[in-house]
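Asker: Each residue of the sequence shown is one higher than the one before, starting from 1 at the first, in UniProt numbering.
Take this structure, written in structure tokens, and hold onto it; I'll ask about it next.
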Amino acid sequence: MIITASHKGEIIALLRLKSVDKVRLLTGMLVIPKVRGTGIGKKLLTHCKNNVFTDGDYCFAFTHLESYYSKHGFTTIDCSELPHPLKMAFQRYVDSGKDLIPMQFISSTTSKRVLL
């Protein structure tokens, strides 16, 4: 699934969610250089947080982007908590030298639930 943000008919940002078995992985987000720093990435992630992401969606974030994704509903998890297919993919990325952390989307309604 690819979600785009457009301005005057031009795609200026996009986000890709890939289905892997029964879960989804945020595999990429791109904002074109001429609109970086304008908040369009934040708007796209906010839209996805409110309308697209579901509990159990995952991303492998570069460590320097951990707080950015945390502000949009993703929580850092241990790689042992990843579903098996994602765990294998994550390990391949890390073994290739990528500085990534696994994160899981948890909706604000889920985090506000009280167990009785």
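C-beta atoms are modelled at their ideal positions from N, C-alpha and C, and glycine is treated no differently.
#1: Taking the DSSP output, what are the residues bridged to LYS71?
#2: Taking C-beta to C-beta, are LYS18 and LEU25 nearer than 7 Å?
#3: Taking buried to mean at least 16 other C-beta atoms within 10 Å of its own C-beta, is LYS112 buried or exposed?
#4: Specify whether the region 3-19 and the region 76-91 touch according to this definition: at least 3 beta carbon pairs, one from each stretch, less than 8 Å apart.
#5: Just confirm the distance between the C-beta atoms of LEU44 and ILE106, as a whole number of angstroms; I'd bet it's less than 8 Å.
#6: Within the UniProt domain "N-acetyltransferase" (1-93), note down every full alpha helix (DSSP H) run reaching 4 residues or more, in order along the chain.
#7: From this set, VAL31, ARG36, GLY73, which residue's C-alpha is nearest ASP55's C-alpha?
Answerer: In short:
#1: Answer is none; LYS71 lacks a bridge partner.
#2: Yes, these two residues count as a Cβ contact at 7 Å.
#3: Confidence in LYS112 is poor, its pLDDT being 44 and thus under 50, which makes the residue's placement too unreliable to answer from.
#4: Taking 8 Å as the limit for Cβ pairs, the verdict is that the region 76-91 does not touch the region 3-19.
#5: Actually they do not touch by this definition, with Cβ atoms about 19 Å apart.
#6: Listed in chain order, the complete alpha helix (DSSP H) runs (minimum 4 residues) inside the UniProt domain "N-acetyltransferase" (1-93) are 40-51, 66-70.
#7: Comparing alpha-carbon positions, the option among VAL31, ARG36, GLY73 lying closest to ASP55 turns out to be GLY73.
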